[in-house]
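S.K.: Please read through the structure below; I'll follow up with questions.
Protein chains in written order, with my numbering: chain A, 35 to 504; chain B, 777 to 947.
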């Protein structure tokens, strides 16, 4: 099997600690700047309103309520646009914080944005009502008759649908695809809400900074979604013309999918990054799969390793030869680029071995730099382990394995047997404090490894995880 | 590192807010002066003189020559003020009509005869937009001025009516 996955020749020198420190410093500076930009955009939306006369509009109760309502709408809209930017998979954001953390921020903003838009609707109905002497119902009817308002109400309804279907509790009840389609409505929500901001909101009065700001933000958000989630994937997919060459069973429910394509090195994927794959057969085209390459690609071939997780991945084991494949990516910071420390510690469980294998293959290492621990709950789940043994030997890395189920009691990420003989993060990785720890496996298990890493005093920037369950 | 992001965000947001608030406070000040002089002509002109805003009162005083000396001297030397009434313009939110006062080939005042008044906020929007439009028309001496944000329909009607009055005046 190893003969089918030729490895790229070793690169000459590993980065020095000071180079890594500099790289980390740059990345953190960029991440901090992005955070600051995000918050400041919220403040700017308020400041621009105040700047163009809003500051004087808090005189009476009705005016104050109205102004607060407008502010809620502005900040809410700003947050939604920031959410779109976070979900657009913009390369600079991915490089700075990683796709998964950008998406965590995206999710965290969802509910506040909805509450602000809710407040916008309620406060304006009440505020206008007070000013006109109408009751809220009469005012709602009056609002409905204003230009572009029926569309805005429609957008509001769509927004509620999007956020509600994304709540964890609700989301579990639906298939991923249903959630995804509903989520696409968020674009419709943003766009239907636009006209009333022009015509009634007056955000876009000619020659104001406010107009410049909002147009720029809309163009940035919708433009980056279009560029990085639609155009770039289509262009890349055509460019590389990837097709399935063979599917090879590795273990029950797990398969290597071998792919061919053109100029695959131009994809510029670092070992450990993932792509979002779509396989164009009648039964599989509507599923997309976030999967990392399980080895460093050559210029014409690549390989992924898939385990049956959902209905969609089950069918991937039977893909016919020649199936057309489209890709989005590469994404993720589970790579050498995130290194900050002199040593490398890797822990992977089950199918989580795939990005780890590519990471190890791609990394520039000095002998003894890396230590690896592989977990499986049974012999059946030792996917790609033979390849890992070879790679570890080649790179002069230590490799430990821990096979067996976790104990039913107690909180450990190791097998019951190893936990009993007091194996721990410290004992397996004596240099853990000087190491970058890369963890890949099921979420609950990952959380336990992270908890132990934090307990031994590992700072967050030395802990790197990749999750697969989204 | 995280602290830096938090502190940076707080600092940047606070400065942006303060700048906006300051700009808004001064804008609100001049807007107040505008509405007090613009909407009800000569009765408020006497109160407006106290506030000391320079340019706006002078344009209104030409229509009420009793208040200041300089305007009355102008009235005796040059041609008299003529009034031209603009067309009635239909908008989605009611009709709009204005008249302009012209003296020596210059528009000296714009008086709104009728503004948008149908539906929820129309009156409020009109009251807000009219003084701004009047000021802009006087400054530009034409109907070619920027729209007032949030008052698209009012603006359209207002400026169309101004244009028709200008046409009648043959300016």
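All C-beta atoms, glycine included, are put in the ideal place defined by N, C-alpha and C.
Note that this is a predicted model, so its numbers are computed, not measured.
For the beta strand (DSSP E) holding residue 870 of chain B, just list the boundary residues, first then last.
M.R.: 870-879
S.K.: With 7 Å as the C-beta to C-beta threshold (strictly closer), list the residues of the segment 781-793 of chain B near chain A in chain order.
M.R.: 781, 784, 785, 788, 789, 792 and 793
S.K.: Between the Cα of residue 404 of chain A and those of A:357, A:465, A:371 and A:355, spot the shortest distance and give me the residue it belongs to.
M.R.: Closest by alpha carbon: A:465.
S.K.: Taking 7 Å as the threshold (C-beta atoms), are residue 158 of chain A and residue 192 of chain A in contact?
M.R.: Not a contact, by the Cβ cut-off of 7 Å.
S.K.: Using C-beta distances below 7 Å, list every residue in its chain close to residue 357 of chain A, excluding the 5 sequence neighbours before and after it, in chain order.
M.R.: 277, 278, 313, 314 and 315
S.K.: Tell me where the beta strand (DSSP E) around residue 757 of chain B begins and ends.
M.R.: Summary: the structure shown does not reach residue 757 of chain B, with chain B confined to residues 777 through 947, and so no result is reported for it.
S.K.: Which first and last residues belong to the beta strand (DSSP E) in which residue 311 of chain A is found?
M.R.: 308-313
S.K.: Would you list the residues sitting across from residue 498 of chain A in a DSSP beta bridge?
M.R.: Bridge partners of residue 498 of chain A: A:472.
S.K.: Could you tell me whether any Cβ in chain B is nearer than 7 Å to the Cβ of residue 223 of chain A?
M.R.: no
S.K.: So, is residue 307 of chain A buried or exposed, given that buried needs 16 or more other C-beta atoms within 10 angstroms?
M.R.: buried
S.K.: Following the continuous beta strand (DSSP E) through residue 363 of chain A, name the residue where it begins and the one where it ends.
M.R.: 359-365
S.K.: Using a Cβ cut-off of 8 Å, which residues of the segment 903-934 of chain B contact any Cβ in chain A, in chain order?
M.R.: 922, 923, 924, 925, 926, 927, 928 and 929
S.K.: Considering just the uninterrupted stretch of the beta strand (DSSP E) at residue 181 of chain A, what are its terminal residues?
M.R.: From DSSP, residue 181 of chain A is part of no beta strand (DSSP E); its letter is neither H nor E.
S.K.: Would you say the beta carbon of residue 319 of chain A comes nearer than 6 Å to a heavy atom of the ligand FMN?
M.R.: The ligand FMN is not among the ligands present in this structure, which contains no ligands whatsoever.
S.K.: Assuming residue 872 of chain B contacts residue 857 of chain B (C-beta within less than 8 Å), just tell me the rounded distance between them.
M.R.: Not quite, the Cβ-Cβ distance comes to about 23 Å (not below 8 Å), so this is no contact.
S.K.: Answer yes if the segment 114-125 of chain A comes into contact with the segment 252-266 of chain A, meaning at least three C-beta pairs across the two stretches below 8 Å, and no otherwise.
M.R.: Remark: three or more beta-carbon pairs, one from each stretch, lie closer than 8 Å, so the segment 252-266 of chain A and the segment 114-125 of chain A are flagged as touching.
S.K.: Contact criterion: CB-CB distance below 7 Å. Does residue 410 of chain A meet it with respect to chain B?
M.R.: So no, residue 410 of chain A is outside the interface.
S.K.: Step through the CB atoms of chain B and report whether any lies within less than 7 Å of the CB of residue 250 of chain A.
M.R.: no
S.K.: Leaving out five residues before and five after residue 787 of chain B in sequence, what residues of the same chain have Cβ atoms less than 7 Å from its Cβ?
M.R.: none
S.K.: For residue 53 of chain A, does the count of other Cβ atoms within 10 angstroms reach 16, so buried, or fall short, so exposed?
M.R.: exposed
S.K.: With 16 as the cutoff for other CB atoms within 10 Å, does residue 916 of chain B come out buried or exposed?
M.R.: exposed
S.K.: Quick one: does residue 824 of chain B have its CB under 7 Å from some CB of chain A?
M.R.: Only weak support exists for where residue 824 of chain B lies, its pLDDT of 33 falling under 50; the coordinates are left without a value.
S.K.: Determine the chain E residues that contact residue 181 of chain A at a beta-carbon separation under 9 Å, and present them in chain order.
M.R.: Here chain E cannot be found, since the structure's protein chains are A and B.
S.K.: Could you give the DSSP three-state label for residue 202 of chain A: helix, strand or coil?
M.R.: Shown here, residue 202 of chain A sits in a helix according to DSSP, grouped into three states.
S.K.: Please report the residue range of the beta strand (DSSP E) in which residue 380 of chain A lies.
M.R.: 377-383
S.K.: Can you tell me which residues form a DSSP beta bridge with residue 484 of chain A?
M.R.: Answer is none; residue 484 of chain A lacks a bridge partner.
S.K.: Starting from the beta carbon of residue 247 of chain A, find every residue of chain B whose beta carbon is closer than 8 Å, and list them in chain order.
M.R.: Within chain B, no residue comes near residue 247 of chain A; the closest Cβ sits about 11 Å away, beyond 8 Å.
S.K.: Can you tell me where the alpha helix (DSSP H) with residue 54 of chain A in it begins and where it stops?
M.R.: 51-85
S.K.: Does the distance from the C-beta atom of residue 406 of chain A to that of residue 431 of chain A stay below 7 Å?
M.R.: Cβ atoms of residue 406 of chain A and residue 431 of chain A: closer than 7 Å.
S.K.: Measure the alpha-carbon distance for residue 796 of chain B versus residue 231 of chain A and round it to whole angstroms.
M.R.: 20 Å
S.K.: In whole angstroms, what is the alpha-carbon distance linking residue 937 of chain B and residue 930 of chain B?
M.R.: 11 Å
S.K.: Can you list, in chain order, the residues of its chain with a C-beta nearer than 7 Å to that of residue 146 of chain A? Leave out the 5 residues immediately preceding and following it.
M.R.: 113
S.K.: Would you check if there are 3 or more beta carbon pairs closer than 8 Å linking the segment 395-402 of chain A to the segment 361-375 of chain A?
M.R.: yes
S.K.: Distance, Cα to Cα, residue 475 of chain A vs residue 791 of chain B?
M.R.: Their backbone Cα atoms lie some 44 Å apart in a straight line.
S.K.: What are the residues that DSSP puts in a beta bridge with residue 324 of chain A?
M.R.: A:310
S.K.: Report yes or no: do three or more beta-carbon pairs, one from the segment 132-147 of chain A and one from the segment 163-176 of chain A, lie closer than 8 Å?
M.R.: no
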